[in-house]
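Everything on this sheet refers to the single structure shown next.
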Amino acid sequence: MLTMRRLLNTQPRKTLLHKLFFRVAIFGAIISFRPASAFLSPLVPRCSFTFRHEVSSTIVCMMAPHRVHGVDSMWNSLHHGSNTTFVSEIEDDVFAGSNSWAKKVYRALNAATKRKEPGKLIMIRHGESMLNYNKTFTGWIDADLNERGIRETEHSARLLMERGYEIDVTYTSRLKRAIRSSWILMTELGQIYRPVYKSWRLNERMYGALEGMSKPGLAEELGEEVVQAFRTGLTTTPPPMTPDHPHWHMHEKKYADVKPEEIPVTESLQDTMERTLPLWESRILPDLRSGRTVMIVAHANSLRGIVKHIDNLNQTEIQSVAIPNGIPLVYKFDKNMVPIEQEGAVSPLTGEFLEKKGLLRAALAKEAELAASVPGYSTDGGGFRGNANLPVMDARLRGLAKLSEARQLIAATSLGVPPPLAPLPQAVPATRVAYPRLVVPKAASSPPSAGAPDAKNAQEHDQIIVIMRHGKTEYNKLGVFTGWEDAPLANEGRIEARNAGKLLKRHGIELDVVYTSWLSRAIETAWLIVDELDCLWVPIVKSWRLNEVGREGCQGGSMRGWGSSMCDVSD
1 MLTMRRLLNT QPRKTLLHKL FFRVAIFGAI ISFRPASAFL SPLVPRCSFT
51 FRHEVSSTIV CMMAPHRVHG VDSMWNSLHH GSNTTFVSEI EDDVFAGSNS
101 WAKKVYRALN AATKRKEPGK LIMIRHGESM LNYNKTFTGW IDADLNERGI
151 RETEHSARLL MERGYEIDVT YTSRLKRAIR SSWILMTELG QIYRPVYKSW
201 RLNERMYGAL EGMSKPGLAE ELGEEVVQAF RTGLTTTPPP MTPDHPHWHM
251 HEKKYADVKP EEIPVTESLQ DTMERTLPLW ESRILPDLRS GRTVMIVAHA
301 NSLRGIVKHI DNLNQTEIQS VAIPNGIPLV YKFDKNMVPI EQEGAVSPLT
351 GEFLEKKGLL RAALAKEAEL AASVPGYSTD GGGFRGNANL PVMDARLRGL
401 AKLSEARQLI AATSLGVPPP LAPLPQAVPA TRVAYPRLVV PKAASSPPSA
451 GAPDAKNAQE HDQIIVIMRH GKTEYNKLGV FTGWEDAPLA NEGRIEARNA
501 GKLLKRHGIE LDVVYTSWLS RAIETAWLIV DELDCLWVPI VKSWRLNEVG
551 REGCQGGSMR GWGSSMCDVS D
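Just so you know, we're using full-length UniProt numbering here: the sequence shown kicks off at 1 and counts up by one.
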């Protein structure tokens, strides 16, 4: 059952003002006898979007049948073309899009009851992708996680669970390896209803013309020193990417809201770190100051930029900082937002990695080894050695084997070294190339074809709103009234969601934003659809206003037992 704590999206406070806030929220819920169109009205100003290059908008609303009646006002707003900013940078509860009295009351009460202590900051590097495994310059190529990366991320979630962390808000990049990592983390923690913001400012470093090229192959042709300068030099920039590059990013719809001059064609490490700071100052820092626990799921170099800023590191210190995959780095702050050095901090950082000392030491040593030389390249006369001399899996470095739920909760403090994980299938060796000619291994996500619509040349068409009910749950199958009970999707429901995504894809429908409820059956349906459409970067806005109708006296009861005379049978 969803609780009022989730509705308020805050931690309990034993103060008179908090009790008043709680009662006001209950009173507001009790008096909501307005028609459904008024119930959905706060969503209206945010259902039409103006994109650069006049890209039209497609909106999906995942909701229960009772909410469909209110879509007339939403559609009228869409039809008349009201303008708002691109939602990926303002993804929030629907109060963010409304100037009503409710918003003013909410802000005043929230400001009066906000926590005095700053929130905690959790930073996690995404799990491994196949291009990471193949030792390929990845950058902004939208490579997905491989099986090992999924395990690393699951392990990261268990480390957070062991320490009892609850996330208030998540920030991630627009690259699917980071977005999928954040989804796995929030799913494992049971907090998928929390807001997730996807910003290009958290993308990995843009490697220019080197993207898609083999690291060891390039070192064979140019020499290791040249390639190392591209990889680790603070101010060294690789050759810029040109429009004929197979992974030219200017045409990708996920960056349609970014000014053309802001999309990099190459970046140094310093450029990447500075790119993250506007997001830090405008969004993340205010969240921390208000007491929220913030999780950032991003990439090695973008995370290093934030670390450099927090710990005020110099140029030499930041180049020595390593952030392993899947090991949370946690910062705590005093009231002046000065980082508090943690007991388990590794110099020069003041934050703490949530991993046992032996495993953490091995992981950091491995990262230092990778930074010191070109991965997969040998100077002993063997040249490019591919994956021959690398272990298939080292459990100490790549995370613990997946533990059973009982062991996570009961014996997490006495974890031993797990048995090795099952080996991955042999990866396709990275191609040896001659610089500057580009030979690109097949990426997990292919670039748009010449004839595909993109942010620059998309033809205008009518704006579309797609209304869809969530997939089937076990409650639905058993004929049980659900309401706000947070029943997950059944296997049949997941298949239905995947099939819905395939159907939209066959009709050529591309999404720009998804609205859904705070109930996991709707959120997971939305996720599976955008995953099937290969557009994980699309903002998914979650609002309690799209929740199923409450069923006092009926929730959890059998439809057959109660009968339609007492409770509405559609769920």
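Cβ atoms here follow ideal geometry from the backbone N, Cα and C, with glycine treated the same way. Keep in mind it's a predicted model, so treat the numbers as computed, not measured.
- Residue state for methionine 123 is assigned as strand, using DSSP reduced to three classes.
- Per DSSP, threonine 170 is one residue of the beta strand (DSSP E) stretching across 169–172.
- With a beta-carbon spacing of about 19 Å, threonine 350 and serine 302 fall beyond the 8 Å limit used to define contacts.
- Remark: C-beta atoms of lysine 259 and arginine 174 do not approach each other more closely than 9 Å.
- Counting along the chain, the unbroken beta strand (DSSP E) around threonine 516 starts and ends at 513–516.
- In the DSSP assignment, leucine 329 falls within the beta strand (DSSP E) that extends over 329–331.
- Straight through space, the alpha carbons of histidine 155 and valine 196 are spaced by roughly 20 Å.
- In this structure, the straight-line span from the alpha carbon of serine 268 to that of threonine 316 is close to 15 Å.
- Cβ-Cβ distances below 7 Å link histidine 309 to Leu277, Trp280 in the same chain, with the five nearest sequence neighbours on each side left out; the list follows chain order.
- In this structure, DSSP gives serine 320 a state outside helix and strand, which the three-state scheme calls coil.
- With distances taken between CA atoms, aspartate 531 lies nearest to Gly501 out of Arg521, Lys542, Gly501.
- Under DSSP, valine 466 shares a beta bridge with Val60.
- The continuous beta strand (DSSP E) containing methionine 295 extends over residues 294–298.
- Residue pairing from DSSP places lysine 542 in a beta bridge opposite Thr516.
- Across the set Arg163, Glu474, Asn146, Leu145, the C-alpha of Arg163 shows the shortest separation from the C-alpha of glutamate 352.
- For valine 196, the uninterrupted beta strand (DSSP E) run begins and ends at 196–198, by DSSP.
- Look at threonine 187 here: in three-state DSSP terms it is helix.
- Secondary-structure assignment with DSSP links proline 339 through a beta bridge to Phe333.
- In chain order, Ile192, Thr516 place their CB closer than 6 Å to the CB of isoleucine 523, counting only its own chain and leaving out the 5 sequence neighbours on each side.
- Assigned with DSSP and collapsed to three states, glutamate 352 falls in strand.
- A direct Cα-Cα distance of roughly 6 Å separates lysine 135 from lysine 215.
- Contact between the segment 179–188 and the segment 207–214 is not established, with fewer than three Cβ pairs separated by less than 8 Å.
- In this structure, the alpha-carbon of asparagine 132 lies about 11 Å from that of histidine 126.
- Counting C-beta atoms within 10 angstroms of its own C-beta, histidine 507 has fewer than 16 neighbours from the protein chains shown and is therefore classed as exposed.
- Around the beta carbon of aspartate 334, a 10 Å sphere encloses fewer than 16 other beta carbons of the protein chains shown; the residue is thus reported as exposed.
- In this structure, Ser182 is the residue among Ser182, Asp244, Ala219, Leu234 with its C-alpha nearest to the C-alpha of asparagine 325.
- In the three-state scheme derived from DSSP, where H, G and I count as helix and E and B as strand, leucine 489 is classed as strand.
- DSSP, read as helix, strand or coil, puts threonine 138 in coil.
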